[in-house]
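Chains P and B, in that order, are what the protein sequence lines are.
Here the first sequence is numbered in the working numbering, starting from 187 and rising by one per residue.
Here the second sequence is numbered in the working numbering, starting from 187 and rising by one per residue.
All residues carry an ideal CB built from backbone N, CA and C; glycine is no exception.
Report on one structure; see the data block that follows.
There are 2 protein chains.
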Amino acid sequence: MAQGVPPNPSATRARILDTATALFYERGVHAVGVNEIAAAAGASKLSLYRYFPSKAELVRAMLTEHSDRIHAWLARKTAPATASGPERVLAVFDVLTEWFAQPGYHGCAIVNGVTDTRADPEVAAIARAHLHRYLDLLEDRLAGLAVADPGTLARQLLLLIEGASVVVTIEGRTDAGADARKAAAALLRAATPAS
Amino acid sequence: MAQGVPPNPSATRARILDTATALFYERGVHAVGVNEIAAAAGASKLSLYRYFPSKAELVRAMLTEHSDRIHAWLARKTAPATASGPERVLAVFDVLTEWFAQPGYHGCAIVNGVTDTRADPEVAAIARAHLHRYLDLLEDRLAGLAVADPGTLARQLLLLIEGASVVVTIEGRTDAGADARKAAAALLRAATPAS
DNA sequence: CTGTCACAGTACCGATCGGTACTGTCAGCC
DNA sequence: GGCTGACAGTACCGATCGGTACTGTGACAG
Chain P
187 MAQGVPPNPS
197 ATRARILDTA
207 TALFYERGVH
217 AVGVNEIAAA
227 AGASKLSLYR
237 YFPSKAELVR
247 AMLTEHSDRI
257 HAWLARKTAP
267 ATASGPERVL
277 AVFDVLTEWF
287 AQPGYHGCAI
297 VNGVTDTRAD
307 PEVAAIARAH
317 LHRYLDLLED
327 RLAGLAVADP
337 GTLARQLLLL
347 IEGASVVVTI
357 EGRTDAGADA
367 RKAAAALLRA
377 ATPAS
Chain B
187 MAQGVPPNPS
197 ATRARILDTA
207 TALFYERGVH
217 AVGVNEIAAA
227 AGASKLSLYR
237 YFPSKAELVR
247 AMLTEHSDRI
257 HAWLARKTAP
267 ATASGPERVL
277 AVFDVLTEWF
287 AQPGYHGCAI
297 VNGVTDTRAD
307 PEVAAIARAH
317 LHRYLDLLED
327 RLAGLAVADP
337 GTLARQLLLL
347 IEGASVVVTI
357 EGRTDAGADA
367 RKAAAALLRA
377 ATPAS
């Protein structure tokens, strides 16, 4: 099928990476073999091992690229120009609530990846960076809001985000996102001196 | 070694269950084989399969028993007699913060188990019940505090708990528990009409 | 003394895993 | 036309997986 495609190296690599992202997220790193990934990507194992020296490296590349995509998308969807005041921060919760409610969502792929590959310190570092980018985004959206301690507030809001992701995944109900938004609004109000 | 122990059926079962709990939590369900569990428990595979018809059933039994233990321990440590007023609720966060800060803690075993066994609906049900027991505890400790909407507040506090567990696991720092407690106190203050 | 039962130890089964090697076949370039 | 390189397809490797079968042994009951 479509044998005559021009052999575009980076396209093959991207196809393998996209397929791995979907399969690993769906069923977990340990439950999906490299054989299946290559077959589903329409590639051979030789191609897979040309671009990724091992399955562990494929997982790391997948998580790194996935984290990049998420934060680029999140920053774009919550661009400061679209809102002002506390709504600038709450827009983050709106976008995440919508994301968590999508069918097939079952947790943050980065967090799941850490659970899947418990012993890999590089995966742990990717996940730490992922959380810190959340903190950076929250602190940026908090800037200019005259809250007493933006750093602490950002960390509290991060707890709500990660908690909502877990609760939505386990409960199967999607209203945890709305709960998180309401809690975030209350924390914002409480942290603003002019309450 | 200690060959002459009286063959106590339930003791063997409990030994296998305890060993499985530790190994599964440490390295994940897929990374630990039944062979290793039996060997580490000082039992044979025949004994393991006498008490648990399959590895999946062993995982379910382990998670069920673990959930029971956690909630019995949590209810005891946060007994209402030990505090009054808002401190009755915040005591839950104190206990959990101490728990999350223990060396070797890397997430809730129930949540990790759901990630490990994504396709098992029985494990998902165990996890849902686990969360609902958290909600029951929080609502019980909120009783008599004259908050406007105890159900919503309990769900918001649950988000903080699960979020702190995830953030402690990924960040490796333990101050997420303290952040969660501060956020919980702020939400409590905001929800009490006599603010 | 003689069953019976729970048990540890071990060998084994088919399947699947991650990873390697080899073959044949296209496409583009000289 | 001949060369090169990326590619799919396949066979294969050793290891390990979940699960079963078998053997020997010690403790207890009759």
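Start-to-end residues for the alpha helix (DSSP H) that takes in residue i
{"i": "Leu321 of chain B", "result": "307-328"}
{"i": "Arg375 of chain P", "result": "362-377"}
{"i": "Ser351 of chain B", "result": "336-357"}
{"i": "Ala217 of chain P", "result": "Run containing Ala217 of chain P: none; DSSP gives neither H nor E here."}
{"i": "Arg233 of chain P", "result": "The sequence as given places Ser at residue 233 of chain P; Arg does not occur at that position. Here the alpha helix (DSSP H) through Ser233 of chain P covers 231-237."}
{"i": "Thr301 of chain B", "result": "295-302"}
Reference residue i, options the options, closest by Cα
{"i": "Glu212 of chain P", "options": "B:Val220, B:Ala305, B:Ala267, B:Leu343", "result": "B:Ala305"}
{"i": "Arg236 of chain P", "options": "P:Arg262, P:Ala217, P:Leu203", "result": "P:Leu203"}
{"i": "Ile296 of chain B", "options": "B:Leu282, B:Thr250, B:Ala287", "result": "B:Thr250"}
{"i": "Gly312 of chain P", "options": "P:Leu232, P:Asp322, P:His252", "result": "The question names Gly, but residue 312 of chain P is Ile in the sequence shown. Looking at the Cα atoms, P:His252 is the closest of the given residues."}
{"i": "Ile256 of chain P", "options": "P:Val275, P:Leu374, P:Cys294", "result": "P:Cys294"}
{"i": "Pro379 of chain P", "options": "P:Leu331, P:Arg314, P:Ala197, P:Gly271", "result": "P:Leu331"}
{"i": "Leu324 of chain B", "options": "B:Leu232, B:Leu343, B:Ser233", "result": "B:Leu343"}
{"i": "Gly228 of chain B", "options": "B:Ala334, B:Ala197, B:Arg341, B:Arg246", "result": "B:Ala197"}
{"i": "Phe238 of chain P", "options": "P:His318, P:Ala350, P:Ala200, P:Ala340", "result": "P:Ala200"}
{"i": "Ala370 of chain P", "options": "P:Glu357, P:Lys241, P:Ala277, P:Phe210", "result": "P:Ala277"}
{"i": "Ala161 of chain B", "options": "B:Asp322, B:Ala377, B:Gly349", "result": "Outside the displayed span of chain B (187 to 381) sits residue 161 of chain B, for which this structure offers no information."}
{"i": "Leu345 of chain B", "options": "B:Ala366, B:Ala226, B:His216", "result": "B:Ala366"}
{"i": "Leu339 of chain P", "options": "B:Ala372, B:Arg319, B:Ala377, B:Val218", "result": "B:Ala372"}
{"i": "Ala350 of chain B", "options": "B:Gly290, B:Ala362, B:Ser233, B:Lys368", "result": "B:Ala362"}
{"i": "Cys334 of chain P", "options": "P:Gly290, P:Val352, P:Arg327, P:Ala377", "result": "Strictly speaking, residue 334 of chain P in this sequence is Ala, with Cys absent from that position. The shortest Cα separation from Ala334 of chain P among P:Gly290, P:Val352, P:Arg327, P:Ala377 belongs to P:Ala377."}
{"i": "Arg274 of chain P", "options": "P:Arg246, P:Leu209, P:Asp326, P:Leu234", "result": "P:Asp326"}
{"i": "Gly358 of chain P", "options": "P:His216, P:Glu348, P:Pro289, P:Arg246", "result": "P:Pro289"}
{"i": "Arg246 of chain P", "options": "P:Ser233, P:Val218, P:Pro307", "result": "P:Pro307"}
Neighbourhood of residue i by C-beta, 8 Å cutoff - its chain only, sequence neighbours within 5 removed
{"i": "Gly214 of chain P", "result": "Asn298, Asp302"}
{"i": "Gly190 of chain P", "result": "Here the model assigns Gly190 of chain P a pLDDT of 38, short of 50, so the residue's position is not dependable, and the following value carries that caveat. Nothing listed; no residue qualifies."}
{"i": "Ala364 of chain B", "result": "Thr283"}
{"i": "Ala329 of chain P", "result": "Pro336"}
{"i": "Thr360 of chain B", "result": "Thr283, Phe286, Ala287, Val354"}
{"i": "Ser230 of chain P", "result": "Ala224"}
{"i": "Arg319 of chain B", "result": "Ser253, His257"}
{"i": "Leu209 of chain P", "result": "Val218, Glu222, Ile223, Ala226"}
{"i": "Leu234 of chain P", "result": "Ile202, Val220, Ile223, Ala224, Ala227, Leu244"}
{"i": "Arg341 of chain B", "result": "Leu321"}
Beta-carbon proximity list for residue i, same chain, < 6 Å, skipping 5 on both sides
{"i": "His292 of chain P", "result": "Thr355"}
{"i": "Ala206 of chain P", "result": "Ile223, Leu244, Met248"}
{"i": "Pro272 of chain P", "result": "Leu374"}
{"i": "Lys241 of chain B", "result": "Val220"}
{"i": "Val352 of chain B", "result": "none"}
Neighbourhood of residue i by C-beta distance below 7 Å, restricted to the same chain and skipping five residues each side
{"i": "Ala281 of chain P", "result": "At residue 281 of chain P the sequence reads Val, which differs from the Ala that was named. Cβ within range, chain order: Leu260, Lys263, Thr264."}
{"i": "Ala300 of chain P", "result": "Before going further, note that residue 300 of chain P is Val rather than Ala in the sequence given. Cβ neighbours of Val300 of chain P beyond the five flanking positions: Val309, Ala310, Ala313."}
{"i": "His316 of chain B", "result": "Ser253, Ile296"}
{"i": "Ala269 of chain P", "result": "Ala277"}
{"i": "Ser381 of chain P", "result": "The predicted model places Ser381 of chain P with a pLDDT of 46, which falls under 50 and marks its position as unreliable, so this point remains unresolved."}
{"i": "Ala267 of chain B", "result": "none"}
{"i": "His216 of chain P", "result": "Asp302"}
{"i": "Ile347 of chain P", "result": "Leu282, Tyr320, Ala366"}
{"i": "Lys368 of chain B", "result": "none"}
- Query: Which whole runs of the alpha helix (DSSP H) in the segment 260-286 of chain B are 4 residues long or more, in chain order?
  - Reply: 273-286
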